[in-house]
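Residue numbers (the working numbering): 276 to 478.
Using N, Cα and C, we set each Cβ at its ideal position, and we do this for glycine too.
Remember, it's a predicted structure, so these values are computed and weren't measured experimentally.
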Amino acid sequence: MQRIFILSPAFCGGTRAGWLLTDGSRLPLAAKLREAAGAPLGEVFSFVSGLYFRGKATYARAFARPPAKLAGVLVITATDGLCELDEPVTIDRLRAFAGAGIDLEDRRYRRPLERDARRLASAAGADSEIVLLGSVATPKYVGVLSAAFGERLRFPPAFIGRGDMSRGGLLLRCVDDGRELEYAGLAGAVLHGPRPPRLEARR
276 MQRIFILSPA FCGGTRAGWL LTDGSRLPLA AKLREAAGAP LGEVFSFVSG
326 LYFRGKATYA RAFARPPAKL AGVLVITATD GLCELDEPVT IDRLRAFAGA
376 GIDLEDRRYR RPLERDARRL ASAAGADSEI VLLGSVATPK YVGVLSAAFG
426 ERLRFPPAFI GRGDMSRGGL LLRCVDDGRE LEYAGLAGAV LHGPRPPRLE
476 ARR
């Protein structure tokens with residue numbers, strides 16, 4: 276089965292993003308953002324979001340099986356729709372992400388996401404699964420993605436009941452073990468459940 280992962284966005288209006296956006300920041304990543312070449316989106320969002328995004332990115336890179344000429348991992352952004360993990364981000368682009376909300380009422384967010392989801396649905400074909408690594412209990416992006424991909428949109432039920440940190444840890448453990456999670460369709464799925472047992476510490 277061909278499989279493409281879509282990662283939920285990192286929040287760019289918080290404290291960690293502020294460290295990068297502050298003028299005079301001495302962080303090496305902040306310096307890269309101010310260069311013309313910028314820094315890879317995956318690196319920036321992993322810094323901003325921490326373990327959760329790093330787990331999603333690492334897992335998706337390990338298990339993506341995209342059709343020829345298509346990226347296997349795409350990231351939802353606040354203003355630029357679906358972007359590749361290695362796409363360069365400059366300080367101005369990060370400021371734009373921070374200034375827009377992940378809110379369907381915000382056309383800066385909704386319209387690019389709708390556009391790119393439609394394009395991906397057409398390019399990926401009917402034989403590809405689209406797996407969302409993110410919360411499926413929020414309408415902020417599930418509605419748009421469901422409209423574009425229909426039954427092809429899937430998610431890992433192992434996420435249900437877990438917080439962000441637990442999800443990130445679970446994904447990293449799966450990569451360590453070479454074990455891919457099971458996926459299910461969103462239609463009729465149970466999206467809420469009890470919190471599962473805590474993960475054992477990684478060796």
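Which residues bound the alpha helix (DSSP H) around residue i?
i      : result
Val417 : 414-424
Cys449 : 439-452
Leu349 : Per DSSP, Leu349 belongs to no alpha helix (DSSP H); it is in the beta strand (DSSP E), 348-351.
Leu295 : 290-296
Leu308 : 303-308
For the beta strand (DSSP E) containing residue i, list its first residue and its last residue.
i      : result
Ile366 : No beta strand (DSSP E) contains Ile366, which is instead part of the alpha helix (DSSP H) from 366-374.
Arg278 : 277-282
Leu408 : 403-408
Glu389 : Run containing Glu389: none in the beta strand (DSSP E); it sits in the alpha helix (DSSP H), 382-399.
Glu318 : First-last for Glu318: 316-324, but that is the alpha helix (DSSP H), not the beta strand (DSSP E).
Leu357 : 357-359
Arg429 : 428-430
Given a threshold of 16 other Cβ atoms within 10 Å of its Cβ, counted over all protein chains shown, does residue i qualify as buried or as exposed?
i      : result
Ala422 : exposed
Thr352 : buried
Pro387 : buried
Arg394 : exposed
Pro284 : buried
Arg454 : exposed
Arg278 : buried
Arg427 : buried
Leu407 : buried
Ala305 : buried
Ala332 : buried
Gly438 : exposed
Please report how far the alpha carbon of residue i lies from the alpha carbon of residue j, in whole angstroms.
i      : j      : result
Ala314 : Ser410 : 26 Å
Asp361 : Pro431 : 24 Å
Gly330 : Gly444 : 7 Å
Ser441 : Tyr327 : 8 Å
Lys307 : Ser397 : 35 Å
Arg383 : Gly374 : 10 Å
Val348 : Ile281 : 6 Å
Ile405 : Ala335 : 11 Å
Ser321 : Ala401 : 31 Å
Arg368 : Thr354 : 9 Å
Leu316 : Thr365 : 9 Å
Ala312 : Pro341 : 27 Å
Ala346 : Glu389 : 18 Å
Met276 : Ser300 : 45 Å
Gly325 : Ala292 : 11 Å
Arg385 : Leu379 : 5 Å
Pro363 : Leu456 : 29 Å
Asp451 : Leu295 : 30 Å
Cys449 : Gly460 : 20 Å
Gly356 : Gly376 : 13 Å
Would you identify the three-state DSSP class for residue i, choosing helix, strand or coil?
i      : result
Gly436 : coil
Ala332 : helix
Ala459 : strand
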